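For the sequence shown, position 327 matches number 327 in full-length UniProt numbering, and the numbering has no gaps at all. Every residue gets a Cβ at the ideal spot worked out from N, C-alpha and C, and that includes glycine. On a predicted model such as this, the values are computed, not experimentally measured, just so you know. This report concerns only the one structure given below.
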Amino acid sequence: MSGGGGRRQQSRGRGRGSRRSSDLPTLPADGLRIVPLGGLGEIGRNMTVFEHAGRLLIVDCGVLFPEEHQPGVDVILPDFSWIRDRLDKVDAIVLTHGHEDHIGGVPYLLRERPDIPVVGSRLTLAFLEAKLQEHRIKPVTVRVSEGDRRSFGPFDCEFVAVNHSIPDGLAVAIRTAAGLVLHTGDFKMDQFPLDGRVTDLRAFARLGEEGVDLFLVDSTNAEVPGFTVSEGELSPAIEAVFRTTPGRVIVSSFASHVHRIQQVLDAARDHGRKVAFVGRSMVRNMGIAADLGYLDIPKGLVVDLKQLERLPANQIAMICTGSQGEPLAALSRMARRDHPIRITEGDTVLLASSLIPGNENAIYRVINELTRWGANVVHKGNAKVHVSGHASAGELAYCYNIVQPSNVLPVHGEWRHLRANADIAIRTGVDPTRALIGHDGAVVDLVDGQAKITGSIPAGLVYVDAMTVGGATEESLHVRRTLAEEGVITVVCIVDADTGKLVEEPDYLAHGFEHEPGDFAKATPAIQKALTTATKEGIDDIEQVEDLVRQAMSNWVHRQARRSPLIIPVIVDA
Ligand SMILES: [Zn+2]
Ligand SMILES: [Zn+2]
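This is the structure in structure tokens:
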């Protein structure tokens, strides 16, 4: 996540002749099956399942965040149904890094089988464990670092350092009898990262020498020409904010962007400001990062909010969540005057983060409100305060030339990103028939050194909705949208069951649908007609009768008002 790309496109894999597993070709004993359950055709809910010798290995299990057309949805998960009855065959879940779009689905998977070993780096596992604590799950973990080689069932995994917008990212090389697969996870090739931990191209080269049979590559920035600039290049702009702001400095960033927050802490120290972390996930993650040594907090710099508020404004800095305009996050609440921190003239708000497509409206609303209260708002659009966490086209080309893979499966991107990434692979000499454009649910078989899409399985969106997982469906979201846009009319009819005659004028109750008093009475003849038809045709199933009344009312409203509200008929026997 936190990349330069968009989020998701409308067309999905599930419409493309989804097949049940039984329809798939049999996987040869020495073959490897690779099935992305999420992250292809969308940016989010990354999850790939590897199958070999009857065993399964999962790489990442993330969530996707809903858009405005998915009201009431908290997060969206990959569909686990393809592996649900084989969870006992899963040897491990390997997590490449600690972003939500890679670990957010783990609690839901572990709910189904709590003892699947979860493999990851120190920071990744620490972020995951904090999250699992909220779900009251204690995972079985296996901590690994770059250079480690560990086997999980028939999957011999080697971990390679990669650089990204969160520390401690890992690529994973998976060796099986089918060959060598390299999965980059999310990565970029910052040559001067703040922690000095560069993407290990020497390891990529060594694996390339051995022969990478299939290369799964982050596509997020494949359309962006050139190279992603170094994180350190943001320092002057961040520094300028701290130097020139007369009032308080309020920085909002992703709660996992440890290096960005390090730069902010350093600038605060240099300019004599104290800092408080605001927002639950920010406080929690920065505590973890500092405890584990990923974040260096100068002594006495960070104080709690109460202490901070006693200082003069020009000695105050705050670091909070909400850089994507999330309505419940600290920054949006400050913008709405729904937070103890009151933004005033002289304050500067620094949005040190990407602007994820789909969130623009919410973010600009927050920027406008903050400006209205007098703040100077510094963001990606007016200052160099953000760089992406993903490799651009130039870096990807280097990778292909170094690794020289036989087959390529671009991952982590919408169609346009996957296509652009495949094109780069082809330009570096990968056989065009071996640069596969997959989709969620595509079944890729690596057999005799060649990867081919051999079928597809269902991989739809699973909505998490307050208390339910998978309870909300496309149909219920359609109802919610209709309610939001068109309103609802309830029609209560008291009917003589023998004659089908209305005993009295129906009760019409409308919400969110504009009308004049008495309007609906004109619909009564149409409703009576529907009821009469039902009686004549001997329809006595109440649901069928209600359907006829719904249709009659719906047609009438559409003719009169050109609207399509939700119609709820209630038939009561007289
Ligand atoms: Zn990601
Ligand atoms: Zn990421």
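- By alpha-carbon distance to residue 566, the top candidate from 534, 488, 227 and 350 is 488.
- Under the three-state reduction of DSSP output, residue 274 falls in the strand class.
- Judged by the Cβ position, residue 389 qualifies as a neighbour of ligand 2 at the 8 Å threshold, a heavy atom of the ligand being closer than this.
- Among the bridge pairs identified by DSSP, residue 508 is matched with 491.
- A straight line joining the alpha-carbon of residue 41 with that of residue 242 spans about 40 Å.
- Annotation note: the region 83 to 151 contains the following uninterrupted alpha helix (DSSP H) runs of length 4 or greater, listed N- to C-terminal: 100 to 103, 106 to 112 and 122 to 134.
- Between residue 534 and residue 557, the CB-CB gap reaches or exceeds 9 Å.
- Residue 169 is not a Cβ neighbour of residue 257, given a cutoff of 9 Å.
- Look at residue 462 here: in three-state DSSP terms it is strand.
- Look at residue 101: its beta carbon is less than 8 Å from one of the heavy atoms in ligand 2.
- Bridge partners of residue 476 according to DSSP: none are assigned.
- Residue state for residue 403 is assigned as helix, using DSSP reduced to three classes.
- Contact check between the region 125 to 142 and the region 61 to 70: fewer than three CB pairs, one atom from each, fall below 8 Å, which does not count as touching.
- Looking at the DSSP output, residue 569 shares a beta bridge with 491.
- The closest CA to that of residue 386, considering only 77, 328 and 252, is found on 252.
- As the crow flies, the alpha-carbon of residue 563 is around 35 Å from that of residue 78.
- In the DSSP assignment, residue 559 falls within the alpha helix (DSSP H) that extends over 542 to 561.
- Look at residue 169 here: in three-state DSSP terms it is strand.
- Between the region 313 to 331 and the region 218 to 229, the count of C-beta pairs closer than 8 Å stays below three; the two stretches do not touch.
- Residues of the same chain with a CB within less than 8 Å of the CB of residue 230, apart from the 5 flanking positions on each side, are 190, 191, 192, 193 and 387 in chain order.
- With contacts defined as CB atoms closer than 9 Å, residue 215 and residue 461 fail to qualify as a contacting pair.
- Contact check between the region 266 to 279 and the region 312 to 323: three or more CB pairs, one atom from each, fall below 8 Å, which counts as touching.
- As DSSP reads the structure, residue 76 sits in a beta bridge with 64 and 463.
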